[in-house]
Amino acid sequence: MKIVEKAIFKFLNFQINNLYNKNFKKYGASHESVFWNSQFNQFKRYEEILELLIQKEGIKKKIEVSDVGCGYGILYKLLNKENKFKNISYSGIDINKKFIDFCQNKYVKELFCCTSFPPKMIDYCLMSGTYNLTKIKNVNLWENYVYTNLVQCSKKVKKGLIFNLQFSKIAKIHNNIFYCDPVKIRKLFTDEFYVYSRISSILKNDIIFVLHKKLN
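Below you can see the structure in the form of structure tokens.
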């Protein structure tokens with residue numbers, strides 16, 4: 067990554083952290099703190115992502131996943147509630163230190179790390195809403211930020227990534243939400259991954275991408 071690009075991305079992380087810090091201070095460990103309009107929708111998105119993971123891997127295999135943009139750790143809590151997820155080995159990462167401090171104090175400290183991408187190789191990166199919210203209006207800049215982070219995460223997986231984005235025919239930012247161009251996402255990863263996408267059955271303009279690494 068170029069020095070100028072690194073500085074810009076650092077500033078973007080700073081902006082995003084400020085937004086989440088304010089919300090977390092106001093709402094605590096709740097769906098509001100991570101800008102969800104309801105806990106129902108928040109959980110449904112996770113269910114859709116986990117359903118796609120299980121479709122690919124089954125429920126009997128041991129699977130290591132990293133929850134990128136883990137927030138206050140609600141996915142870890144959900145996984146521990148359901149017996150069908152018992153073979154999923156969880157770790158959570160987030161660029162927001164307040165979220166990570168909260169998770170380390172509430173759950174298992176070693177499972178959470180303050181970073182942009184997994185510190186070690188894992189099977190899958192899972193991301194729910196991680197790159198949707200932005201404070202800037204420059205579509206190309208945010209698009210580059212999102213793509214760079216996705217590529218960094220893709221270098222840390224043995225098997226694949228499952229993530230969601232809002233989408234439209236042309237990439238745009240509307241009401242501080244980034245809408246991707248799905249064609250660009252597919253082109254970005256087709257050399258190394260088989261790319262499948264599914265429009266959410268419950269959330270408008272929400273598309274979930276499943277990337278599975280091609281065998282050499």
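Remember, the numbering used here sits 66 above the position in the sequence shown when you count from 1. All C-beta atoms, glycine included, are put in the ideal place defined by N, C-alpha and C.
Q. In terms of residues, what are the limits of the alpha helix (DSSP H) holding residue 249?
A. The sequence position of residue 249 within the sequence shown is 183, counting from 1. Start and end: 248-255.
Q) Looking at the structure shown, is residue 117 part of a helix, part of a strand, or coil, going by DSSP? A) As a first step, residue 117 must be located in the sequence shown, where it is residue number 51. Of the three classes helix, strand and coil, the one that applies to residue 117 here is helix, per DSSP.
Q: Tell whether a beta-carbon distance below 8 Å holds between residue 238 and residue 205.
A: Translated into positions along the sequence shown, residue 238 becomes position 172. Translated into positions along the sequence shown, residue 205 becomes position 139. Yes.
**Q.** Nearest to residue 279 (by Cα), restricted to the options 181, 191 and 224
**A.** Sequence index remark: in the sequence shown, residue 279 carries index 213 (1-based). Per the C-alpha coordinates, the member of 181, 191 and 224 positioned closest to residue 279 is 224.
Q. Tell me, which residues are paired with residue 134 by DSSP?
A. Residue 134 sits at position 68 when you count from the first residue of the sequence shown. Residue 134 is bridged to 159.
Q | Straight-line Cα distance separating residue 164 from residue 129 | A | Position 63 of the sequence shown, counted from the first residue, corresponds to residue 129. Position 98 of the sequence shown, counted from the first residue, corresponds to residue 164. When rounded, the distance between both Cα atoms is 27 Å.
Q: Going by CA-CA distance only, name the one from 241, 222, 236 and 251 that's closest to residue 230.
A: On the sequence shown, residue 230 is found 164 positions in, with the first residue counted as 1. The shortest C-alpha separation from residue 230 is found at 251.
(Q) Quick check on the burial criterion: 16 or more other C-beta atoms within 10 angstroms. Buried or exposed for residue 272? (A) Translated into positions along the sequence shown, residue 272 becomes position 206. Classification of residue 272: buried, given that the 10 Å Cβ count is 16 or more.
Q) Would you say residue 50 and residue 144 are within 8 Å of each other, going by their C-beta atoms? A) Only positions 67 to 282 of the chain appear in this structure, which leaves residue 50 out of reach.
Q | Span of the alpha helix (DSSP H) around residue 100 | A | On the sequence shown, residue 100 is found 34 positions in, with the first residue counted as 1. It is not in any alpha helix (DSSP H) - residue 100 carries neither H nor E in the DSSP assignment.
Q. Is it the case that the Cβ atoms of residue 192 and residue 276 are separated by a distance below 8 Å?
A. Indexing the sequence shown from 1 puts residue 192 at position 126. Indexing the sequence shown from 1 puts residue 276 at position 210. Going by beta carbons, residue 192 and residue 276 fall outside the 8 Å limit.
Q) Of all the options 186, 258 and 107, which has the alpha carbon lying nearest to the alpha carbon of residue 281? A) Your numbering for residue 281 matches position 215 in the sequence shown. Of the candidates 186, 258 and 107, 258 places its Cα closest to the Cα of residue 281.
Q) Beta-carbon separation of residue 222 and residue 187 under 8 Å? A) Reading the sequence shown from its first residue, position 156 is the one you call residue 222. Reading the sequence shown from its first residue, position 121 is the one you call residue 187. Yes, they are a contact pair.
Q) Given that a residue counts as buried once 16 or more other Cβ atoms are within 10 Å of its Cβ, and exposed if not, what is residue 105? A) Within the sequence shown, the letter at position 39 stands for residue 105. Counting Cβ neighbours within 10 Å, residue 105 comes out exposed, since fewer than 16 surround it.
Q. Identify the residues that DSSP records as bridge partners of residue 239: which are they?
A. One-based indexing of the sequence shown puts residue 239 at position 173. Paired residues: 244.
Q) Which class does residue 142 belong to by DSSP, given the choice of helix, strand or coil? A) Residue mapping note: residue 142 aligns to position 76 of the sequence shown, counting from 1. The three-state secondary structure of residue 142, taken from DSSP, is helix.
Q) Between residue 82 and residue 198, what straight-line distance do the alpha-carbon atoms span, to the nearest angstrom? A) What you label residue 82 is simply residue 16 of the sequence shown in a count that begins at 1. What you label residue 198 is simply residue 132 of the sequence shown in a count that begins at 1. Roughly 11 Å separates the two Cα atoms.
Q) alpha helix (DSSP H) containing residue 69: first to last residue? A) Here residue 69 refers to the residue found at position 3 when the sequence shown is read from its first residue. Looking at the DSSP string, the run of the alpha helix (DSSP H) that includes residue 69 is 69-93.
Q: Measure the Cβ-Cβ separation of residue 228 and residue 268 and say whether it is below 8 Å.
A: As a working mapping, residue 228 is identified with position 162 in the sequence shown. As a working mapping, residue 268 is identified with position 202 in the sequence shown. Taking 8 Å as the cut-off, the Cβ atoms of residue 228 and residue 268 do not count as close.
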